[in-house]
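Down below is the structure, laid out as structure tokens.
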Amino acid sequence: MSIWWSLHLRREAASVPLARRLLLGTMETAGVDPDICYDLSVALSEACANAVEHGGDATEDYRVTAFIDGDTCRIEVTDSGPGFRCPAPPAPPHTAATDRLLPAPVPTPAQAPEFAEDGRGLFLIEALTDHVRYRNRTGRPGAVVSFDKILKWREGAALPMAS
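Right, dumping it as structure tokens:
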């Protein structure tokens, strides 16, 4: 069995705990191990906080989608902000055979200073999940942060790894 849900939320601080509580309630009801629930809820909170802070002007919303499929949970947070800014290479790379531009590098977050109060959200997401992807939306402004985590189930769970 698999389940999924999607939310469209206003870019305001009150939306972050709402998304977190919905995720926690869903995973706890399904029987996901409490430690996994906690890790994913913190990662989701960080992704939502980034969308609220950086995701566009105050009139725009952001989207959270979560999928539980078998033993994996995937969460995606999409906003309408400026997207990820990655440094441009000094000169565009070309292939010798076709003289075409190669794709731009995938954006990755820069290391936050050791004692910084901001800038640690993406690193927390990476530390608490198994696989993280950062990309800019295609054809319109915005960033997409998606992450996966392998689930562990409590004994007697309602939705243990159904095939």
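Residue numbers for the sequence shown follow the numbering used here, beginning at 1208 and rising by one. By construction, the Cβ of each residue, glycine as well, lies at the ideal position given by its N, Cα and C atoms.
In angstroms with no decimal places, state the Cα-to-Cα distance between residue i and residue j.
i, j, result
"residue 1314", "residue 1363", "Any reading at residue 1314 must be qualified, since the residue scores a pLDDT of 48, below 50, and its modelled position is unreliable; the value itself is stated next. Using only the alpha carbons, I get a separation of about 41 Å."
"residue 1360", "residue 1240", "5 Å"
"residue 1308", "residue 1268", "Only weak support is given to the placement of residue 1308: the predicted model assigns it a pLDDT of 47, under 50, and the question is left unresolved by the model."
"residue 1214", "residue 1271", "5 Å"
"residue 1256", "residue 1365", "30 Å"
"residue 1352", "residue 1279", "17 Å"
"residue 1258", "residue 1284", "8 Å"
"residue 1223", "residue 1328", "13 Å"
"residue 1358", "residue 1226", "19 Å"
"residue 1342", "residue 1250", "17 Å"
"residue 1212", "residue 1232", "12 Å"
"residue 1276", "residue 1266", "33 Å"
"residue 1331", "residue 1245", "12 Å"
"residue 1260", "residue 1220", "9 Å"
"residue 1344", "residue 1218", "17 Å"
For residue i, which of the options has the nearest alpha-carbon?
i, options, result
"residue 1230", "1261, 1354, 1282 and 1287", "1282"
"residue 1263", "1254, 1286 and 1235", "1286"
"residue 1335", "1243, 1266 and 1209", "1243"
"residue 1210", "1236, 1218 and 1221", "1236"
"residue 1333", "1260, 1345 and 1254", "1254"
What is the C-beta distance between residue i and residue j, in whole angstroms, given that I count them as a contact (C-beta under 8 Å)?
i, j, result
"residue 1274", "residue 1350", "Contact doesn't hold; Cβ gap of about 19 Å is too wide."
"residue 1234", "residue 1216", "Incorrect: roughly 19 Å between the Cβ atoms, too far for contact."
Spatial neighbours of residue i within its chain, please: C-beta separation below 7 Å, excluding the five flanking residues on both sides.
i, result
"residue 1289", "1348"
"residue 1159", "Outside the displayed range of the chain (1208 to 1370) lies residue 1159, so it cannot be described from this structure."
"residue 1340", "1353"
Below 6 Å CB to CB, which residues in the same chain sit around residue i once its five sequence neighbours on both sides are set aside?
i, result
"residue 1306", "For residue 1306, the predicted structure reports a pLDDT of 47, less than 50, and the residue's modelled location is therefore unreliable. A value from the coordinates is still provided. Here the set comprises nothing."
Please return the same chain residues whose Cβ sits closer than 8 Å to the Cβ of residue i, not counting the five positions on each side in sequence.
i, result
"residue 1252", "1223, 1224, 1226 and 1227"
"residue 1238", "1360, 1361, 1363, 1364, 1365, 1366 and 1367"
"residue 1346", "none"
Length at least 4, wholly inside the region 1325–1355: the alpha helix (DSSP H) runs in chain order: 1328–1335
List, from N- to C-terminal side, the beta strand (DSSP E) runs of 3 residues or more that fit wholly inside the region 1231–1283. 1268–1276
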